[in-house]
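*Asks:* The structure follows.
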Amino acid sequence: MRYKLLQEGDIQVCVIRHPRTFLSKILTSKFLRRWEPHHLTLADNSVASATPTGYMENSISYSAIEDVQLLSWENAPKYCLQLTIPGGTVLLQAANSYLRDQWFHSLQWKKKIYKYKKVLSNPSRWEVVLKEIRTLVDMALTSPLQDDSIHQAPLEIVSKLLSENNNLTTQDHESIIVAIAPLLENNHPPPDLCEFFCKHCRERPRSMVVIEVFTPVVQRILKHNMDFGKCPRLRLFTQEYILALNELNAGMEVVKKFIHSMHGPTGQCPHPRVLPNLVAVCLAAIYSCYEEFINSRDNSPSLKEIRNGCQQQCDRKPNLPLRLLHTSPDLVSQEATLTESRLKPVIVTSNEIHVEVERNNTANQKMTANVGNDSEPNLIDCLMVSPTCSTMSIELSAQADRILGCYVEILKMLSDYDDWRPALASLLQPIPFPKEALAHEKFTKELKYVIQRFAEDPRQEVHSCLLSVRAGKDGWFQLYSPGGVACDDDGELFASMVHILMGSCYKTKKFLLSLAENKLGPCMLLALRGNQTMVEILCLMLEYNIIDNNDTQLQIISTLESTDVGKRMYEQLCDRQRELKELQRKGGPTRLTLPSKSTDADLARLLSSGSFGNLENLSLAFTNVTSACAEHLIKLPSLKQLNLWSTQFGDAGLRLLSEHLTMLQVLNLCETPVTDAGLLALSSMKSLCSLNMNSTKLSADTYEDLKVFL
Numbered sequence: 001m002r003y004k005l006l007q008e009g010d011i012q013v014c015v016i017r018h019p020r021t022f023l024s025k026i027l028t029s030k031f032l033r034r035w036e037p038h039h040l041t042l043a044d045n046s047v048a049s050a051t052p053t054g055y056m057e058n059s060i061s062y063s064a065i066e067d068v069q070l071l072s073w074e075n076a077p078k079y080c081l082q083l084t085i086p087g088g089t090v091l092l093q094a095a096n097s098y099l100r101d102q103w104f105h106s107l108q109w110k111k112k113i114y115k116y117k118k119v120l121s122n123p124s125r126w127e128v129v130l131k132e133i134r135t136l137v138d139m140a141l142t143s144p145l146q147d148d149s150i151h152q153a154p155l156e157i158v159s160k161l162l163s164e165n166n167n168l169t170t171q172d173h174e175s176i177i178v179a180i181a182p183l184l185e186n187n188h189p190p191p192d193l194c195e196f197f198c199k200h201c202r203e204r205p206r207s208m209v210v211i212e213v214f215t216p217v218v219q220r221i222l223k224h225n226m227d228f229g230k231c232p233r234l235r236l237f238t239q240e241y242i243l244a245l246n247e248l249n250a251g252m253e254v255v256k257k258f259i260h261s262m263h264g265p266t267g268q269c270p271h272p273r274v275l276p277n278l279v280a281v282c283l284a285a286i287y288s289c290y291e292e293f294i295n296s297r298d299n300s301p302s303l304k305e306i307r308n309g310c311q312q313q314c315d316r317k318p319n320l321p322l323r324l325l326h327t328s329p330d331l332v333s334q335e336a337t338l339t340e341s342r343l344k345p346v347i348v349t350s351n352e353i354h355v356e357v358e359r360n361n362t363a364n365q366k367m368t369a370n371v372g373n374d375s376e377p378n379l380i381d382c383l384m385v386s387p388t389c390s391t392m393s394i395e396l397s398a399q400a401d402r403i404l405g406c407y408v409e410i411l412k413m414l415s416d417y418d419d420w421r422p423a424l425a426s427l428l429q430p431i432p433f434p435k436e437a438l439a440h441e442k443f444t445k446e447l448k449y450v451i452q453r454f455a456e457d458p459r460q461e462v463h464s465c466l467l468s469v470r471a472g473k474d475g476w477f478q479l480y481s482p483g484g485v486a487c488d489d490d491g492e493l494f495a496s497m498v499h500i501l502m503g504s505c506y507k508t509k510k511f512l513l514s515l516a517e518n519k520l521g522p523c524m525l526l527a528l529r530g531n532q533t534m535v536e537i538l539c540l541m542l543e544y545n546i547i548d549n550n551d552t553q554l555q556i557i558s559t560l561e562s563t564d565v566g567k568r569m570y571e572q573l574c575d576r577q578r579e580l581k582e583l584q585r586k587g588g589p590t591r592l593t594l595p596s597k598s599t600d601a602d603l604a605r606l607l608s609s610g611s612f613g614n615l616e617n618l619s620l621a622f623t624n625v626t627s628a629c630a631e632h633l634i635k636l637p638s639l640k641q642l643n644l645w646s647t648q649f650g651d652a653g654l655r656l657l658s659e660h661l662t663m664l665q666v667l668n669l670c671e672t673p674v675t676d677a678g679l680l681a682l683s684s685m686k687s688l689c690s691l692n693m694n695s696t697k698l699s700a701d702t703y704e705d706l707k708v709f710l
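If you read the sequence shown in the UniProt record's numbering, its first letter stands for residue 1, the second for the next number, and so on.
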């Protein structure tokens, strides 16, 4: 039978036998914390009333208890315990046998744990100490009590023993670790013990103890830990354990097998905490590689100073160990005149870092324009200042370089698991790395594999994380695009990201407008080299009238006509434009209903058969149309009522409708697969006055938000 460890207030009745001098004592915190009996039964069975302070003036300590026994003699009071102490005997009477046994095992445990604390606080011979530790562990494992402290108390005793004795040999260390291993199967090691384990991983990474004892401990930490912020030493121990695995002969193969064991053999990891904990360990380890540089930020230019480029050399302390981008007074004066076509590079060196920066007149104008702006500068702008930033190399120590390589490789492994990729993309979307890491060419080059995996994933929840987490902040899309500090492939990854984003629900004016404003040059360059995605982007910019400048439009047309694929797609665009003019020409019906089971292709053929400039009411209810038909619907300029009841029209289509059908007044989305993400896009449709969302995945919060706009 299992019992709960005795807690404060559990003892309610006691019987005290001879001698009567013990009536002046009461059991308090040193024994059972403090308890207040309802009554005391004396040897002659007389009863005395209880008082708030009890009947005894002095407590009985656990060390004074010589023995604890269950009463077994004939005619003994029921459910009593006999405590033998110097000078007499104390009897405790419980209400039932279960409570009596609970007291008995609790007192036995308390008595023994105090004994082991005393024995192990002053070790003499380590062979005796090791024997006592094993006995302590066996006692904890065989105890019928159920309480976290039953296993934690022995671990804390051993932890204190190790922290106070630094002269132990390696063999003593391993013997103690093996002895306490059974307790670690279901318990996290205390902080001091984690430090001891970290030290052992660093000094003896090839020890069998690391594989045989630490592996199940780390597995339990990764599966069950909820917050490394409350237990930072658990994270540090996990970090050192993985580095120890990397030191084995097989190196990263051993680490890969460990990651696979944490994921499990199936396609879905059964432990939801494993991935967040692994990512937390990786982020902390990568941060530690640049910690020396990060700590030097007090002496380096601030983000705002870097952005503005106006901080004077004399305002800072000398011998700076880190300068991301530093502007000398000469450069500041040259910025004001803008007389030279290209400025002289600035080189700042130290033992750890070499930074070389080139700036041209365009960059100087950009920096000058931002002087006086009090807003927080963009992180990537701080690193770049301009696309002409030529080199930035950070030299890490051998140890830091080894740590960086190990944990970036783990991020790569995590990105290879399909079920982990959505959560990993979400965790990395805010770019949770220091700016020194983003300025490190080796780091961004290695991390590129992870970003590529996100860009190849067809799931919107994954590749949408390439964009910034909120407006005004850059994301991985900007970081790895041409001109970004991490771009090293002439835009191949950028094209891949644009392709996957355009293929989902980002084929919208807003996305195209952002490309036109910030990345038109790279898009035209890649289109000139025959990249089909970029050719499609330029055609859409022309089709949706994204570009207002006539010269820019002509340049885009010239770019399209310079390649075979561009020429073909531009001709198709011209044909669509002619069809669009015919479609939007005034005439045709004002109401139209498609037969049930009609498809997107059927709708396209119908709309291409004549003029529908007068069409105001279109019913697609109970057809098989999808979001793909939105490209045809947005060409109907007079459409005011649209019925999509029981179709497969989704979020991607809603986004297109919200940007183009400005006159739409009535929309029926009953029994469609739309979600909150798509429905929120409708808030921009100011003319919409009737919206049916029955039997959709609409949440209460989105409903309240839509009520404000509609």
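From the three backbone atoms N, C-alpha and C, an ideal C-beta is built for every residue, glycine too. Keep in mind that this is a model prediction, so the values were computed, not measured.
(1) Alpha carbons only, please: which of 546, 541, 494 is nearest the one belonging to residue 531?
(2) Quick check for students: name the residue ranges of the beta strand (DSSP E) that lie wholly in the stretch 427-487, counting only runs of 3 or more.
(3) In the DSSP output, which residue or residues are listed as bridge partners for residue 158?
(4) Among the residues of its own chain, which have a CB less than 6 Å from the CB of residue 318, if the five just before and after it don't count?
(5) What did DSSP end up calling residue 690 once you bin it into helix, strand or coil?
(6) Is there contact between the stretch 592-606 and the stretch 564-573, where contact requires at least three CB pairs shorter than 8 Å?
(7) Kindly list the residues whose CB is nearer than 7 Å to the CB of residue 225, restricted to its own chain and excluding five residues on each side of it in sequence; keep chain order.
(8) Inspect the beta-carbon positions of residue 116 and residue 65 and report whether they are closer than 8 Å.
(9) Determine the direct distance from the alpha carbon of residue 500 to that of residue 642, and round the result to whole angstroms.
(10) In terms of residues, what are the limits of the alpha helix (DSSP H) holding residue 218?
(11) With 16 other CB atoms within 10 Å as the buried threshold, where does residue 420 fall?
(12) Taking residue 175 as part of the alpha helix (DSSP H), name the residues at either end of that continuous run.
(13) Could you tell me whether the stretch 82-102 touches the stretch 121-132, using the rule of 3 or more Cβ pairs below 8 Å?
(14) List the whole-angstrom C-beta distance separating residue 262 from residue 222, where the pair is believed to meet the contact cut-off of C-beta under 8 Å.
(15) Do residue 228 and residue 285 have their beta-carbon atoms positioned less than 8 Å apart in this structure?
(16) What does the Cβ neighbour count give for residue 462, buried or exposed, with the cut at 16 atoms within 10 Å?
(17) Excluding five sequence neighbours on each side, which residues of the same chain lie with their C-beta closer than 8 Å to the C-beta of residue 104?
(18) Find out if the Cβ-Cβ distance for the pair residue 209, residue 178 is shorter than 8 Å.
(19) Look up residue 88 in the DSSP assignment and say whether it is helix, strand or coil.
(20) Are residue 697 and residue 675 closer than 8 Å when you measure CB to CB?
(21) When we look at the beta-carbon of residue 668 and count the other beta-carbons within 10 Å, is it buried (16 or more) or exposed?
(22) With a threshold of 6 Å on Cβ separation, who are the neighbours of residue 247 within its own chain once the five nearest residues in sequence on each side are excluded?
(23) Can you tell me the Cβ-Cβ gap for residue 558 and residue 594, rounded? I've got them flagged as a contact below 8 Å.
(24) Do you know whose CA, among 444, 181, 544, 211, lies nearest residue 574's CA?
(25) Assign residue 627 to one of three DSSP states: helix, strand, or coil.
(26) Does DSSP put residue 146 in a helix, in a strand, or in coil?
(27) Does the distance from the C-beta atom of residue 522 to that of residue 483 stay below 8 Å?
(28) Can you give me the start and stop residues for the alpha helix (DSSP H) that residue 551 sits inside?
(29) Measuring only the C-alpha atoms, how far is residue 659 from residue 405?
(30) Between which two residues does the alpha helix (DSSP H) containing residue 68 stretch?
(31) Can you look up residue 133 in the DSSP assignment and give me helix, strand or coil?
(32) Leaving out five residues on either side along the sequence, give the residues of the same chain with a beta carbon under 6 Å from the beta carbon of residue 275.
(33) With a CB to CB cut of under 7 Å and the five nearest residues on each side skipped, what residues in its chain are close to residue 588?
(34) What are the boundary residues of the alpha helix (DSSP H) that residue 592 is part of?
(35) State the DSSP-derived secondary structure class of residue 269, mapped to helix, strand or coil.
(36) Taking 8 Å as the CB-CB limit, is residue 109 close to chain C?
*Replies:* A quick look at the data gives this:
(1) 494
(2) none
(3) Its beta-bridge partners do not exist; DSSP assigns none.
(4) Confidence at residue 318 is low in this model, with a pLDDT of 38, below 50, so the placement of that residue should be treated as unreliable; the coordinate-derived value is given next. No residues qualify anywhere along the chain.
(5) strand
(6) At 8 Å Cβ cutoff, the stretches do not touch.
(7) 231, 234, 273, 277
(8) no
(9) Distance between the alpha carbons of residue 642 and residue 500 is about 29 Å.
(10) 215-224
(11) buried
(12) 170-184
(13) Too few Cβ pairs lie closer than 8 Å, so no.
(14) Yes, they are in contact, since the Cβ atoms of residue 262 and residue 222 sit about 6 Å apart, within 8 Å.
(15) no
(16) Buried, by the Cβ-count rule.
(17) The answer, listed in chain order, is 68, 70, 81.
(18) yes
(19) strand
(20) yes
(21) buried
(22) Sequence-distant Cβ neighbours of residue 247 in its own chain, meaning closer than 6 Å and more than five residues away, are 205.
(23) Contact doesn't hold; Cβ gap of about 41 Å is too wide.
(24) Ranked by Cα distance from residue 574, the options 444, 181, 544, 211 are led by 544.
(25) helix
(26) strand
(27) yes
(28) 550-561
(29) 45 Å
(30) Careful: residue 68 lies outside any alpha helix (DSSP H), inside the beta strand (DSSP E) at 67-70.
(31) helix
(32) 420, 423
(33) Counting only Cβ-Cβ distances below 7 Å, and skipping sequence neighbours, we find 610, 611, 612, 613, 614, 615.
(34) Per DSSP, residue 592 belongs to no alpha helix (DSSP H); it is in the beta strand (DSSP E), 591-593.
(35) Residue 269: coil per DSSP, three-state reduction.
(36) As a matter of chain content, chain C is missing from the structure shown, which is built from one protein chain.
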